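Colleague: Mind looking over this structure? Questions follow.
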């Protein structure tokens, strides 16, 4: 999909006057790369290891100062179980909640497990875009698209877990869109 | 070509030598763009010093620091004499030269392209602010500055939240000269821009009376009007301030004073012991009175002589008693109109009109007061000048389920605060009728219910043909008017609890929106919310599609000038020119 252009859904442009169905049902949005779950899991594992080691250290000191060993073991075991469940399920849910679609004039996003967010970002309102990649994302050849708008609440919208080439393609498409814009509008 | 026009500027009032305008004519590379400018004042083009009296003001304002340094030795009788002398000497050796050096190393100049400010003693700072980025040049005159005929000039730009540069102090005439030359340069810049591209820019479309040159008074407040405005403003802030200052008063002098006036105080103390209820009531009344009075005084100080002018495409305002503030609001930069009122003000028909702009002072959250206190008709008349919008006749309500959610949320907060307080409440503390004081706060639960209903009652929205209108607030009513071309990102969100009730929150982001009060529409039926986002974005899309096709028809977009302009705009908009360089970062 990244080979030609990331712009999709030509029917959105020929919608009847006024109302545009910008918020498509989730099934029609583009999913992120499945590898993103692995990236999230690795990061969560690292974080949880630190937390668990701290808890373990605390437990051992308590044990030496005479606390009930069974209680400590069960607390630590429960913690380990919860962490494992979290690492297994949370990235999956988060991944399933994510979807995006680049239309002709707008970017449609949907994400969030507990609070579900659907948003429409008009391409015209994008001030600049960054493609970034951290150490783990690089291993999976994923990129993150960071979109900056002037809006206060949404000054940066992040789409994680795109294939790097797709992220760059979207960035270039949006850049081209802004360049082709015949309106020289001073918005701010 | 530029030189003769700048020489013909009101040279009688300027203090500069004639070489100044010659040098700018020589180093102005893009002179042809500013050639038809309305005679910019040349007096500020050469590097300028601050007013010499600045030295005096700085010295005076640094004296409290000296007093603070000397305070321990001054109050302590048995301290050695040499200690204050030593501190004084250090102060004289460090602070005084610093003030003089700062003064000597500070210079500013204003060219047709930018404001250049050089400053710093140990670390030199050379700051240049492009003229077209300047949003506002504000002249502020505090009491001391006014006595000496000085003024502080603050330059604000788009994109930065705080004041970009501050020039303090210059003479009042010089301050006005700085502002008028910045304005003249900006106007010349805009003229050049608009003559270059034939497309009607939006700035002109939103400011229909841009070319009028003489400022027109739109709104002013008489002393009576200001006092009335103050009477509606209840402020406990200064009361709290007074009490916090009282804490620092030496208790011994206070006791001495109390001992001296013993017999007079005794009467009051006896009366207080005899009737604690009346004392408590009296305290409340006195506090309320003081709060009311301080509200009046605060308002008087802030808005005395409030005047608002329409000057070309900008609103200018001036107000203040001790500190006179002058400011401008470019109409083309206005994002959202906000009408505020309180229940009491609403009862008498008074409202406050504010505009939301981007990148102004953070302490005002990007909101600027246009009319602090005015009747509804006046507010609407002013709003019409700022941004013509047509109020919708009918507003939609949110779902009534919001009452329940609002009530339960507040109740949760109350219980969360109450439970630990009640648990830790000592037995011998105040407990009327043997019930600890925290439990008494449960009496406000019915009030929470009323508040929840009122919240629902006042929370309304309308998606009108010219924008989105949102009303909200119980103790402070807000009305946001968001024009279509100021929409940024549209959202529909639903939290876990909202999903169970099939509700959503609708929100349209704008530039410079406040972090505390923003126009989100909470608890709309899910389908309505989704449709609303589609409608809102559809409005935006239709508007811009029309504007784009108009721009394409009226001028061919591929003239060389346009291309160059577009190319010049790219690096600012897209900082990554090379598609691959970010991947190697």
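Residue numbers (the numbering used here), protein chains in the order written: chain D, 248 to 435; chain S, 70 to 654. Backbone N, C-alpha and C fix where the C-beta goes; we use that ideal spot for every residue, glycine too. Quantities reported herein were computed from a predicted structural model and do not represent experimental measurements.
Let me check understanding here. Comparing Cα to Cα, which of S/439, S/462 and S/203 lies closest to residue 423 of chain S?
Modeller: Translated into the one-based positions of the second chain, residue 423 of chain S becomes position 354. Comparing Cα-Cα distances from residue 423 of chain S to each of S/439, S/462 and S/203, the minimum goes to S/439.
Colleague: If you follow the alpha helix (DSSP H) that residue 502 of chain S is part of, which residue opens it and which one closes it?
Modeller: As a first step, residue 502 of chain S is located in the second chain; it is residue number 433 there, counting from the start. First-last for residue 502 of chain S: undefined, no H or E at that position.
Colleague: Within the 8 Å Cβ cut-off, does residue 592 of chain S reach chain D?
Modeller: Sequence index remark: in the second chain, residue 592 of chain S carries index 523 (1-based). It does not; no Cβ of chain D falls within 8 Å.
Colleague: Suppose contacts are defined by Cβ-Cβ distances below 8 Å. Is residue 166 of chain S in contact with residue 183 of chain S by that definition?
Modeller: Looking up residue 166 of chain S in the second chain gives position 97. Looking up residue 183 of chain S in the second chain gives position 114. Going by C-beta atoms, residue 166 of chain S is not nearer than 8 Å to residue 183 of chain S.
Colleague: For a contact meaning CB atoms closer than 7 Å, what does residue 352 of chain D contact in chain S?
Modeller: The residue given as residue 352 of chain D occupies position 105 in the first chain. The contacting residues are 610.
Colleague: Taking CB distances under 8 Å as the criterion, tell me whether residue 406 of chain D reaches chain A.
Modeller: The structure shown contains no chain A; its protein chains are D and S.
Colleague: Counting only the same chain and skipping the five closest in sequence on each side, list residues whose C-beta sits under 6 Å from that of residue 588 of chain S.
Modeller: Residue mapping note: residue 588 of chain S aligns to position 519 of the second chain, counting from 1. Taken in chain order, the residues that qualify are 539 and 549.
Colleague: Let me know the secondary structure DSSP gives residue 192 of chain S once reduced to three states.
Modeller: Numbered from 1 along the second chain, position 123 holds the residue referred to as residue 192 of chain S. In the structure shown, residue 192 of chain S sits in coil (DSSP, three-state: anything other than H, G, I, E or B).
Colleague: Run through DSSP, which three-state label would residue 204 of chain S get?
Modeller: Within the second chain, the letter at position 135 stands for residue 204 of chain S. Here residue 204 of chain S sits in strand by DSSP.
Colleague: Are the CB atoms of residue 480 of chain S and residue 514 of chain S nearer to each other than 8 Å?
Modeller: For the purposes of this step, residue 480 of chain S is taken as residue 411 along the second chain, with counting starting at 1. For the purposes of this step, residue 514 of chain S is taken as residue 445 along the second chain, with counting starting at 1. Yes, Cβ-Cβ distance for residue 480 of chain S and residue 514 of chain S is below 8 Å.
Colleague: Just grab the DSSP bridge partners of residue 399 of chain S for me.
Modeller: In the second chain, residue 399 of chain S corresponds to position 330, counting from 1. Residue 399 of chain S is bridged to S/383.
Colleague: Could you tell me whether the Cβ of residue 430 of chain D comes closer than 8 Å to any Cβ of chain S?
Modeller: As a first step, residue 430 of chain D is located in the first chain; it is residue number 183 there, counting from the start. Yes, contact with chain S.
Colleague: Ordered along the chain, which non-local residues of its own chain (more than five positions away) have a Cβ less than 6 Å from that of residue 608 of chain S?
Modeller: As a working mapping, residue 608 of chain S is identified with position 539 in the second chain. Within the same chain, residue 608 of chain S has close Cβ partners 553.
Colleague: In whole angstroms, what separates the C-alpha of residue 164 of chain S from that of residue 128 of chain S?
Modeller: Taking the second chain and counting its residues from 1, the one referred to as residue 164 of chain S is at position 95. Taking the second chain and counting its residues from 1, the one referred to as residue 128 of chain S is at position 59. Those two C-alpha atoms are separated by around 9 Å.
Colleague: Looking only at its chain, what residues have a beta carbon closer than 8 Å to the beta carbon of residue 577 of chain S, apart from the 5 residues adjacent to it on each side?
Modeller: Your numbering for residue 577 of chain S matches position 508 in the second chain. Excluding positions up to five away in sequence, the list reads 537, 551, 556, 557, 558, 559, 560, 588 and 605.
Colleague: With distances taken Cα to Cα, identify the nearest neighbour of residue 371 of chain D among S/119, S/622 and S/617.
Modeller: Against the first chain, residue 371 of chain D aligns to sequence position 124. Residue S/617 is the option with its Cα nearest to residue 371 of chain D.
Colleague: Compare the beta carbon distance of residue 384 of chain S and residue 400 of chain S with 8 Å and say whether it is the shorter of the two.
Modeller: Within the second chain, numbered from 1, the residue matching residue 384 of chain S stands at position 315. Within the second chain, numbered from 1, the residue matching residue 400 of chain S stands at position 331. Their beta carbons are under 8 Å apart, which means residue 384 of chain S touches residue 400 of chain S by this criterion.
Colleague: So, do the segment 441-459 of chain S and the segment 467-476 of chain S have three or more beta carbon pairs nearer to each other than 8 Å?
Modeller: Too few Cβ pairs lie closer than 8 Å, so no.
Colleague: Closer than 8 Å by C-beta to residue 594 of chain S: which residues in its own chain qualify, once you throw out the five before and the five after it? Chain order, please.
Modeller: Taking the first residue of the second chain as position 1, residue 594 of chain S is located at position 525. Result list for residue 594 of chain S: 468, 571, 572 and 573, in chain order.
Colleague: Pick from D/427, D/426 and D/406: whose alpha carbon is nearest that of residue 379 of chain D?
Modeller: Taking the first residue of the first chain as position 1, residue 379 of chain D is located at position 132. Nearest of D/427, D/426 and D/406 to residue 379 of chain D, Cα basis: D/406.
Colleague: Tell me whether residue 420 of chain S sits in a helix, a strand or coil according to DSSP, three-state version.
Modeller: Along the second chain, one-based indexing puts residue 420 of chain S at 351. Strand, per DSSP.
Colleague: Can you give me the start and stop residues for the beta strand (DSSP E) that residue 182 of chain S sits inside?
Modeller: In the second chain, the residue the question calls residue 182 of chain S occupies position 113. Where residue 182 of chain S is concerned, there is no enclosing beta strand (DSSP E), given that its DSSP letter is neither H nor E.
Colleague: Counting contacts by CB-CB distance shorter than 8 Å, is residue 561 of chain S in contact with chain D?
Modeller: Residue 561 of chain S sits at position 492 when you count from the first residue of the second chain. Taking Cβ atoms only, chain D reaches closer than 8 Å to residue 561 of chain S, which makes this a yes.
Colleague: Can you check whether the C-beta of residue 363 of chain D is within less than 8 Å of a C-beta belonging to chain S?
Modeller: As a working note, residue 363 of chain D is residue 116 in the first chain. Closer than 8 Å: yes.
Colleague: For a quick check, are the C-beta atoms of residue 223 of chain S and residue 209 of chain S less than 8 Å apart?
Modeller: Taking the first residue of the second chain as position 1, residue 223 of chain S is located at position 154. Taking the first residue of the second chain as position 1, residue 209 of chain S is located at position 140. Against a cut-off of 8 Å, the Cβ pair of residue 209 of chain S and residue 223 of chain S comes out as a contact.
Colleague: Report the rounded CA-to-CA distance for residue 260 of chain S versus residue 251 of chain S, giving the unit in angstroms.
Modeller: What you label residue 260 of chain S is simply residue 191 of the second chain in a count that begins at 1. What you label residue 251 of chain S is simply residue 182 of the second chain in a count that begins at 1. Roughly 14 Å separates the two Cα atoms.
Colleague: From what residue to what residue does the alpha helix (DSSP H) around residue 453 of chain S run?
Modeller: In the second chain, the residue the question calls residue 453 of chain S occupies position 384. Note, residue 453 of chain S: alpha helix (DSSP H), 445-455.
Colleague: For the candidate residues D/387, D/354 and D/327, whose alpha-carbon lies nearest to that of residue 297 of chain D?
Modeller: Taking the first residue of the first chain as 1, we reach residue 297 of chain D at position 50. For residue 297 of chain D, the nearest C-alpha among the options comes from D/327.
Colleague: Relative to the alpha-carbon of residue 297 of chain S, which residue among S/175, S/160 and S/444 has its alpha-carbon at the smallest distance?
Modeller: For the purposes of this step, residue 297 of chain S is taken as residue 228 along the second chain, with counting starting at 1. With distances taken between Cα atoms, residue 297 of chain S lies closest to S/444.
Colleague: If I measure Cβ to Cβ from residue 176 of chain S and keep anything under 7 Å in the same chain, skipping five residues before and after, which residues do I get?
Modeller: Numbered from 1 along the second chain, position 107 holds the residue referred to as residue 176 of chain S. Counting only Cβ-Cβ distances below 7 Å, and skipping sequence neighbours, we find 116, 117, 118 and 187.
Colleague: Relative to the C-alpha of residue 136 of chain S, which candidate in S/125, S/120, S/153 and S/124 has its C-alpha closest?
Modeller: Position 67 of the second chain holds residue 136 of chain S. Selected option, being the one with the closest Cα: S/153.
Colleague: Touch check for the segment 365-381 of chain S and the segment 286-303 of chain S: three-plus C-beta pairs under 8 Å?
Modeller: Touching, yes, given that three or more Cβ pairs across the two stretches are closer than 8 Å.
Colleague: For the beta strand (DSSP E) containing residue 346 of chain S, name the first residue and the last one.
Modeller: To locate residue 346 of chain S, count along the second chain from 1; it is residue 277. That residue, residue 346 of chain S, is in no beta strand (DSSP E); its alpha helix (DSSP H) goes 345-372.
Colleague: Return the CA-CA distance between residue 333 of chain D and residue 301 of chain D, expressed in angstroms with no decimal places.
Modeller: For the purposes of this step, residue 333 of chain D is identified with residue 86 of the first chain, where counting begins at 1. For the purposes of this step, residue 301 of chain D is identified with residue 54 of the first chain, where counting begins at 1. Distance between the alpha carbons of residue 333 of chain D and residue 301 of chain D: 18 Å.
Colleague: I'd like to know whether the C-beta atoms of residue 365 of chain D and residue 284 of chain D end up nearer to each other than 8 Å.
Modeller: For the purposes of this step, residue 365 of chain D is taken as residue 118 along the first chain, with counting starting at 1. For the purposes of this step, residue 284 of chain D is taken as residue 37 along the first chain, with counting starting at 1. Not a contact, by the Cβ cut-off of 8 Å.
Colleague: Applying the criterion that 16 or more other CB atoms from any shown protein chain within 10 Å of the CB defines a buried residue, is residue 181 of chain S buried or exposed?
Modeller: The residue labelled residue 181 of chain S in the question sits at position 112 within the second chain. That one is buried.
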